[in-house]
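J.: This note's numbering numbers the first residue of the sequence shown as 286 and each following residue consecutively.
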Amino acid sequence: FAFFLGQLEEISEPVPAGAIVSEPALWVVWEHRGRLVALAPANLMAMRAEAFQKVMVESVSHTLCRAYAQRLRRQLMEWDMEFSEILTDIRVVDQEMLEVVRRAYDDWKAID
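(1) Quick one, are the C-beta atoms of M288 and P301 less than 9 Å apart?
(2) Does DSSP classify I296 as helix, strand or coil?
(3) Whole angstroms is fine: what's the gap from Q338's alpha carbon to L383's?
(4) Can you look up V345 in the DSSP assignment and give me helix, strand or coil?
(5) Could you give the first and the last residue of the continuous alpha helix (DSSP H) run that contains L311?
(6) Could you check if A395 is buried or exposed, using at least 16 other CB atoms within 10 Å of its CB as the buried criterion?
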């Protein structure tokens with residue numbers, strides 16, 4: 286896959302195998318700013334954010350998911366202020382993302 290920012294015809298960001306694409310749209314208000322294009326045959330799973338949120342609200346994991354959404358929102362705001370380039374919704378699971386998950390879990394345990 287490749288990500289093209291806006292109407293650009295030049296690849297803005299290559300998307301590595303295993304990357305998570307558009308996950309923030311499940312948790313926060315999100316506006317897509319580009320196009321995702323498959324450069325070779327690929328599989329892609331899609332879901333509607335509204336349907337996902339409706340299921341999660343009724344889930345036993347609701348409080349953990351809420352803690353994650355709040356922590357992710359804070360992290361996205363920090364990244365948006367920290368980086369001069371436009372924040373994208375393409376993430377590789379790296380140490381920063383694992384730290385967001387760990388902190389969300391800690392937040393949830395403090396509530397539980």
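C-beta atoms are modelled at their ideal positions from N, C-alpha and C, and glycine is treated no differently. All of these numbers come straight from a predicted model, not from anything done at the bench.
T.: Let me lay it out:
(1) First, the amino acid is wrong: residue 288 is Phe here, not Met. Contact flag unset, no.
(2) In this structure, I296 counts as coil in the three-state DSSP scheme.
(3) The straight-line gap from Cα to Cα measures roughly 22 Å.
(4) DSSP, reduced to helix, strand and coil, places V345 outside both helices and strands of the structure shown, so it counts as coil.
(5) 309-312
(6) When all chains shown are included, A395 counts as exposed.
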